[in-house]
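Please read the structure below before turning to the comments.
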Amino acid sequence: MLAYLSDRQWLWGAAGLYVAGVLLGTVSLLRGGRPPGTAIYVAILAGYVLQFIGLGLRGHSTGGCPLGNRFEIVQFTAWSAITLYLVVGVTFRSSVFGAFTSCLGAALTLLSLSIPSWDAIRRTHIFGGNPWIELHAALAMFSYGVFGLLALASGLFLLRHYSLKSKNLGGLFFFLPSIMDLDHIEVRLLGAGVAILTAALGFGWVYWSRDTATVGHLKLAATVAVWVAYGAAFGLRVDGRLLAKRFAWTCLALFAAALLSLEAVEGSRHPRASQSSERILK
Amino acid sequence: MSEPCLFVIGASHNQAPLEVRERLALASEDGLTADLAAVPGLREFAVLNTCNRIEFYGVGDDGEAETSLQAAYCARQRFGAAEFEQIRFRLTGRDAVLHLFEVASGLDSQLLGENEIFGQVKGAYAAAQSRGTTGAVLNRVFQKSFQAAKHVRTHTGISSGRVSVANVAVELACNIFGSLANARVLVLGTGEIGEGTARAFRSRGAADLAVAGRRIERAAEVASGLGADTMHFEERDSRLADYDIVVCSTAAPGAVLATRAIAAAMRRRPARPLLLIDLALPRDVESSAADLQNVFLYNLDDLARIAERNRSAREAEIGRCRAMLTQRADGLWKQVQPHLSAAAPRAGAPGRDPDAAGQAASP
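Chain order of the listed sequences is A and B.
If you read the first sequence in my numbering, its first letter stands for residue 7, the second for the next number, and so on.
If you read the second sequence in my numbering, its first letter stands for residue 1094, the second for the next number, and so on.
Okay, here's the thing in structure tokens:
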């Protein structure tokens, strides 16, 4: 069964299910009802399984974690965000959060699928058979997924903040989680993201310190900058100097910057990449 | 010879003013239940007795059962039969089913879409079932009414938003703090509206309340009624940082909470939001406080506007709710009709409709 469909077809299926989650939430909200939390969760879960199969097939064919081009990186980031949502999302007790997570999954998967050039060149064996580098890359991308979910929570925080300040509590705003709940979610996600990224950089550092020429300066600078920025945001939040709206905006801006930094990572493949094989798909 | 029928007889806020409803309300249903169990031809019955309505749902062999039920109630309640005849409504068959659906859904409530009635209908059914006065017809009709009510409440906005000032204030607090269990509430002023709002906070789980008033004796009296602490009014600025929600309802001619004092309090608790609910006229809180970060200020007009908007939003859903309920009532009525013509033992007789046993709490 798995072989009948290509990895991209599985991923299209996943995107379709994430879109179904978005539609379920949107239709309910437009009708003035509460988004159907269970149905959205099931749609996300089904999409997640299809995405897992698609990425698994991709990983099997590329001989490692599928992070060989921008398409795979974005897909993996979306998959990471969904993974975290499926694990901890239920505790948020917000069907709107599910609808927005579905939206994030749909946006990232559709975006990557709809730009063929992102998947035109497919690198295989990019980690040179080194499992530590693979772990470093996987953890780093997983942290990006966490930061994606953090950006989502921050967006919801800003919406809730706006609704309370503008004294408009109806419609979509009625179903949003409370300001304090969203703030707690943000802090926990930021802490988790920073911890995972720190671990990722730790594994990468061990490898890099043996041979500093293996990592391009641009990639190194971009990665460290993202880590420092998120770490600083976490420190300032814990210290009570970056709060509420400013904290939420910071998290959104940092995620945008983190996504842009992928450009630097992608464009600065370490020299070992030359040892990997490249396949022009289109 | 008339056919057996499902009926509802009663009076509610739609027909009877408050002073009449006071006389209609049953203090205890026990005596009446015994009377009704003896009514000839009354196969099944359930009594819905709330502050806004008295309704008798029944299945009778003929029209005589209804008349006897009405007479038994008026006699027990010492309510004039002629007067009751003037104010009561009577529905039969599918219309009776639809009426119960609308009642359980809050569509027929004085406060449109309110949730309390759902529990009251469930309670009435559970009581009737435990007394053995329901059978195949009423069991099915009541259980389906719970499903129908849940459906419209979930799929429409009939119950969304709060429609009273006190409940809007509590809802706002929930939008900020989530659970109110850990939120600290300070009530400034001992006016009725402030006290009512504090009571609403208490009922929604706020455990830590304090009352401050210019007259400490009066504040202590109000605090005692609420199970709250008392605080000296002069301490309000210095202790403001200790509270998450401040309800102001003093009769002071000017502001009693200055923006500067609120800003100072926020510097001591920057990470926790502060909700200021100003119910006073003239206002108790300087309006510029609304510009402070993490401070949410609502005055009486704001709350009234939200309540009105919610009320309008609920009213806009009535048509959709009715359509959903009508469809379900039509479907159910078709299923129920065969049971009506089937022979059944009298109300109160044991061993009727064994399939429905224990289903009261599981609609």
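All C-beta atoms, glycine included, are put in the ideal place defined by N, C-alpha and C.
- Which whole-angstrom value describes the C-beta separation of Leu1184/B and His1192/B, a residue pair presumed to lie in contact below a C-beta threshold of 8 Å? 5 Å
- Which value, in whole angstroms, describes the spacing of the CA atoms of Gly154/A and Ala84/A? 8 Å
- Task: Spell out whether any CB of chain B is found under 8 Å from the CB atom of Lys171/A.
- Result: yes
- Message: Give me the DSSP bridge partner(s) of Arg1146/B.
- Response: Ser1105/B
- So the alpha helix (DSSP H) Leu1281/B belongs to, where does it begin and stop? It is not in any alpha helix (DSSP H) - Leu1281/B instead sits in the beta strand (DSSP E) that spans 1277 to 1281.
- Task: Identify whether Val25/A lies in helix, strand or coil by the three-state DSSP scheme.
- Result: helix
- Task: Quick one: measure Cβ to Cβ for Lys1237/B and Arg1421/B, integer angstroms, because I've assumed they're closer than 8 Å.
- Result: 7 Å
- Item | 6 Å Cβ shell around Thr1352/B - same chain, five flanking residues per side excluded | Glu1379, Ser1381, Ala1382
- Should Leu30/A and Ala49/A be called a contact, given that it needs their Cβ atoms to be closer than 8 Å? yes
- Message: Going by the DSSP bridge assignment, what does Asn1392/B pair with across the sheet?
- Response: Asp1371/B
- Task: Count the C-beta pairs between the region 1128 to 1136 of chain B and the region 1106 to 1119 of chain B that are closer than 8 Å, then say yes if the count reaches three, no if not.
- Result: no
- Which partner residues does Arg1183/B have in the DSSP bridge list? Ile1102/B
- Query: Going by the CB atoms, is the gap between Leu141/A and Ala159/A shorter than 8 Å?
  - Reply: no
- Message: If I measure Cβ to Cβ from Asp13/A and keep anything under 6 Å in the same chain, skipping five residues before and after, which residues do I get?
- Response: Gly60, Leu63, Arg64
- Item | Proximity winner among Gly1298/B, Val1245/B, Asn1232/B, Ala1158/B, relative to Ser1198/B (alpha-carbon distances) | Val1245/B
- Query: What residues in the region 228 to 246 of chain A have a beta carbon less than 7 Å from any beta carbon of chain B?
  - Reply: Gly246
- Looking at the structure shown, is Asp1322/B part of a helix, part of a strand, or coil, going by DSSP? strand
- Item | Spatial distance of Ala1348/B from Ile1355/B (CA atoms) | 12 Å
- Task: Compute the Euclidean distance between the alpha carbons of Arg1224/B and Gly1271/B, then round it to the nearest angstrom.
- Result: 41 Å
- Message: Can you pull the chain B neighbours of Met147/A, defined as C-beta to C-beta under 8 Å?
- Response: Here the premise fails: no neighbours, minimum Cβ distance about 31 Å.
- Message: For Gly31/A, would you say it is in contact with chain B, using Cβ-to-Cβ distances shorter than 8 Å as the test?
- Response: no
- Compare the C-beta of Phe180/A against all C-beta atoms of chain B and say whether one is closer than 8 Å. yes
- For Val122/A, count neighbouring Cβ atoms within 10 angstroms of its own Cβ and tell me buried if that reaches 16, exposed if not. The sequence given here has Pro at residue 122/A, not Val. Per the 10 Å Cβ criterion, exposed.
- Task: Using a Cβ cut-off of 9 Å, pull out every chain B residue sitting near Gly176/A, in sequence order please.
- Result: Gly1250, Ser1253, Gly1254, Ile1399, Arg1402, Asn1403, Ala1406
- Task: If I'm right that Tyr213/A touches Trp138/A with Cβ under 8 Å, what's the distance once you round it to whole angstroms?
- Result: 6 Å
- Message: So, at 6 Å on beta carbons, what are the nonlocal neighbours of Ser1202/B in its own chain, with the 5 sequence-adjacent residues on each side left out?
- Response: Ile1210
- Message: DSSP three-state label for Val4/A, please.
- Response: The structure shown does not extend to residue 4/A, since chain A spans only 7 to 288, so no value can be given for it.
- Item | Where the alpha helix (DSSP H) containing Leu1204/B begins and where it ends | Looking at the DSSP string, Leu1204/B is not in any alpha helix (DSSP H), and its letter there is neither H nor E.
- Query: For the candidate residues Leu1125/B, Arg1181/B, Gly1156/B, Val1140/B, whose alpha-carbon lies nearest to that of Arg1169/B?
  - Reply: Leu1125/B
- Message: Comparing C-alpha positions only, which one of Arg1361/B, Leu1319/B, Gln1222/B sits nearest to Asp1330/B?
- Response: Arg1361/B
- Message: Does Asp125/A pass the burial test, meaning 16 or more other C-beta atoms within 10 Å, or should it be called exposed?
- Response: buried
- Item | Within chain A, partners of Asp1395/B - CB distance below 9 Å | Lys173
- Message: Counting C-beta neighbours from all protein chains within 10 Å, is the total for Arg1255/B 16 or more, i.e. buried, or is it exposed?
- Response: buried
- Query: Can you list the residues of chain B that Ser184/A reaches, using a CB-CB cut of under 8 Å?
  - Reply: Cys1267, Asn1268, Ile1269, Phe1270, Gly1271
- Excluding the 5 residues preceding and the 5 following Thr1290/B in the sequence, name in chain order all residues of the same chain whose CB lies nearer than 6 Å to its CB. Ala1259, Ala1262, Val1340
- Query: What's the gap between the Cα of Arg1116/B and the Cα of His1325/B?
  - Reply: 44 Å
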